[in-house]
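Protein chains in written order, with the working numbering: chain Y, 56 to 468; chain X, 56 to 468.
Each residue gets a CB set at the ideal place from its N, CA and C atoms; glycine is no exception.
Read through the structure below, which is laid out as structure tokens, and then see the notes.
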């Protein structure tokens, strides 16, 4: 008998019928004797409906009241899911974030969890009840309702699993798990049976959006075994494991992530003096623009080129900011290129295995794809290339690293 | 500077635009320096939408979860109304029933308020904020969400006014106040500027449904001055006053109520022995059927006729019950008549003024309306007559008691 926390997202509970299907799924775990704590999101569409009303009311809705408003979405789901379970003869009790007492900080609409009181939940489990908790929400020290930001239900589930010392935290979603890359780009992308937290973090932040990144950090920090799996199809999903599997001889690459939605800015000919990178990036980040890849290189003439990427939508604004400071920077030129993309190899094996980078560059060269920027970290190598080569590059890498070969499955997981 | 509790019902807050209009109304009170605490219902249609989902899920939804579900309706409104106030530059803070701590008993879906903690509300008023409270909901000793049943928002408002020792509790609705009778039946029915609690109770229970009757009882018990007025039209509405106005010389009739939806049952020829009324009414009330008017009269032959009324929809079921026991009752006959109605005169003045009853009977006799049953109480006289005479009777009485004459307004209020 295990204690399992399960989280079902908005699509999984998008209608009365789907909530009934989720109840059936939960019942199976209960039947085999597991204690189950369920975390649910708002029914799909509901958060948008509520947000639209708030925006109709005011351009920038009061954050405190936004949280009061949005938190009703999950509250509806917990009630309906409990009814679906009760109808099937299972004892079930719903709890809002405030009722559990999921204590957060004061930051309305993007609060962070501080502490979870497990008393009420444990008491219900002791009485053989299924506990259904509203995701995405908590309460601050003053008893005001807070929300964790979009996707926060994943974080609720992981935090609950940590607080309850659960055996596993299962995140049910509309995909079967984590793939070696996007199956829409590479046909033989295959499902990973396991992946490390660090790999998952890199894959998530690089665009393979299956789990909210905060929840993965949280799970890693509190060592909660996390599993991503499909609500709609049977299957073991992907386990996000606490440690890399040391038994594996050749743990090279877990997957390939990519980001289409970036723009590249290059500031050329700035003097090679201390503080110049700050002078370039400072005004951009002061304007609230998030900067992704940054590279700097000294040119032969002793001046510097600084290149970085931002979200494509911020490209023009960033260019305008840099143009306005280019005189004081003594820059030769500010160049904006929106036709780029980023492709990244991710894998903990990279740490100990030389030759991954050269194999990557060779595969791209063979397709005549020019690399504009290279950045590396412990478990990731990213390249920025011309946007039109994205699919070609991902497929070439997927094949070069034999990610698509089912026979290779055991060696890469 | 006064402390005013205002309640706005579902129609008053039925859309973003209407909530904005309510915010404008509230702002006027705030501008003149009043402290205001607002109680709101769910946006019209919302409770029905939520109920429909629950009924789709299960025939008899779990009461505990029904309350979790339905309480979201008011929670949406409090958030939106606070936004509308903040947008206009007024500080506003929303509270759910649980956040105020409106403590109720355990009876889910029909809970009763036990106690209200006014600390948080008073603290917000001290900070010059408008407080917006979700009506209809509370929380029990265990922290579970409870609801007060449909129309419970009126009760929330009155209970809050009592707990806060408010100067007035204003119930905004879609009618201008309490009329001498239904304006759809009598054209010159006029708005009462005031009415006593007792009169209001009789009028409400007799069919002039403006306020939820529980809230009127509550207001009477805790001596909360209660005013009914329109959200959509300016006007002073009707004050439900704590005491009858002793300055008035001729306080006769406050209004005329009527009930179309009744059926009359007569059990004839039962022996005139102790316990016979119980033997007739007992089986009916055991079946959960509410009995309204009851009269009993000894006939010349020493047997008894017992007559009573029930809701029309319960007529056939009641007849069947009586038929099944008529042998043991030794009854001659059980007669069901669905074509009846009840008309009632209500007024505290009745207590001290003779002649009201005879004036009533005379007015009906002049229209050739036969009276089938008469019952009286301290402040009310009801007659049961043939249903087709309802409008005629109400108009005749309205005119006989000069309720329609605007010049008579001062004398009757």
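Proximity below 8 Å, CB of residue i to CB of residue j
i	j	result
residue 108 of chain X	residue 71 of chain Y	yes
residue 159 of chain Y	residue 194 of chain Y	yes
residue 230 of chain X	residue 247 of chain X	no
residue 362 of chain Y	residue 325 of chain Y	no
residue 209 of chain X	residue 270 of chain X	yes
residue 452 of chain Y	residue 311 of chain Y	yes
residue 390 of chain Y	residue 338 of chain Y	no
residue 257 of chain Y	residue 434 of chain Y	yes
residue 398 of chain Y	residue 440 of chain Y	yes
residue 360 of chain X	residue 354 of chain X	yes
residue 187 of chain X	residue 136 of chain X	yes
residue 141 of chain X	residue 117 of chain Y	yes
residue 380 of chain Y	residue 318 of chain Y	no
residue 274 of chain Y	residue 268 of chain Y	no
residue 134 of chain X	residue 79 of chain Y	no
residue 448 of chain X	residue 421 of chain X	no
residue 151 of chain Y	residue 128 of chain Y	no
residue 122 of chain X	residue 200 of chain X	yes
residue 455 of chain X	residue 394 of chain X	no
residue 57 of chain X	residue 222 of chain X	yes
Listed by chain order, chain X residues near residue i by CB distance under 8 Å
i	result
residue 141 of chain Y	113, 117 and 120
residue 19 of chain Y	Nothing can be reported for residue 19 of chain Y, as the shown portion of chain Y is limited to 56 through 468.
Element boundaries [alpha helix (DSSP H), containing residue i]
i	result
residue 278 of chain X	Element bounds for residue 278 of chain X: n/a, residue is neither H nor E.
residue 454 of chain X	445-455
residue 154 of chain Y	152-155
residue 416 of chain Y	411-421
residue 382 of chain Y	370-384
residue 203 of chain X	Here residue 203 of chain X belongs to no alpha helix (DSSP H), and DSSP marks it neither H nor E.
Residue of the options minimising C-alpha distance to residue i
i	options	result
residue 410 of chain X	X:430, X:307, X:198 and X:376	X:307
residue 280 of chain X	X:226, X:237, X:319 and X:257	X:226
residue 450 of chain X	X:416, X:243 and X:138	X:243
residue 458 of chain X	X:102, X:210, X:238 and X:340	X:238
residue 521 of chain Y	Y:415, Y:396, Y:412 and Y:400	The question about residue 521 of chain Y has no answer here: the residues shown for chain Y are numbered 56 through 468.
residue 347 of chain Y	Y:373, Y:196 and Y:119	Y:373
residue 266 of chain Y	Y:183, Y:390 and Y:284	Y:284
residue 138 of chain X	X:121, X:75, X:171 and X:113	X:75
residue 86 of chain Y	Y:315, Y:184, Y:166 and Y:200	Y:184
residue 286 of chain X	X:68, X:220, X:57 and X:436	X:68
residue 172 of chain X	X:182, X:164, X:220 and X:276	X:220
residue 62 of chain Y	Y:113, Y:91 and Y:430	Y:91
residue 114 of chain X	Y:131, Y:143, Y:104 and Y:388	Y:143
residue 153 of chain Y	Y:211, Y:147 and Y:181	Y:211
Residue i: contacting residues in chain Y (beta-carbon distance under 8 Å)
i	result
residue 23 of chain X	Lying outside 56 to 468, the shown extent of chain X, residue 23 of chain X is not represented and no answer is given.
residue 105 of chain X	131
Proximal chain A residues relative to residue i, where beta-carbon distance stays under 7 Å
i	result
residue 127 of chain X	You won't find chain A in this structure, because its protein chains are Y and X.
Range of the contiguous beta strand (DSSP E) that encloses residue i
i	result
residue 193 of chain Y	192-194
residue 225 of chain X	223-228
residue 67 of chain Y	Segment: none, residue 67 of chain Y is in no beta strand (DSSP E) and carries neither H nor E.
residue 391 of chain X	388-401
residue 336 of chain Y	From DSSP, residue 336 of chain Y is part of no beta strand (DSSP E) but of the alpha helix (DSSP H) over 331-341.
residue 315 of chain X	310-326
residue 427 of chain Y	426-432
residue 183 of chain Y	Premise fails: residue 183 of chain Y is in no beta strand (DSSP E) and is neither H nor E.
residue 351 of chain X	346-353
Contacts of residue i in chain Y (Cβ-Cβ under 7 Å)
i	result
residue 149 of chain X	120 and 123
residue 274 of chain X	In chain order: nothing, as chain Y lies at least about 28 Å away.
residue 138 of chain X	109, 112, 113, 116, 117 and 120
Within chain Y, the residues that residue i reaches when beta carbons sit closer than 9 Å
i	result
residue 225 of chain X	By Cβ distance, chain Y contributes nothing, its closest Cβ being about 23 Å from residue 225 of chain X, past 9 Å.
residue 312 of chain X	Result: empty, since nearest Cβ-Cβ is about 38 Å, beyond 9 Å.
Between the segment 194-217 of chain Y and chain X, which residues of the former have CB atoms less than 7 Å from a CB of the latter, in chain order?
Listed by position along the chain: 198.
Where the segment 444-463 of chain X meets chain Y: residues whose CB sits under 8 Å from a CB there
Within the segment 444-463 of chain X, no residue qualifies.
Name the residues in the segment 169-197 of chain Y whose C-beta lies less than 8 Å from a C-beta of chain X; which are they?
Hits within the stretch, in order: 175.
Of the residues that make up the segment 86-99 of chain X, which ones have a beta carbon closer than 7 Å to any beta carbon in chain Y?
Close to chain Y, meaning a Cβ-Cβ distance shorter than 7 Å, is no residue of the segment 86-99 of chain X at all.
Residues within the segment 152-165 of chain X neighbouring chain Y, beta-carbon criterion of under 7 Å:
Shown in chain order are the members of the segment 152-165 of chain X whose Cβ falls below 7 Å from a Cβ of chain Y: 154.
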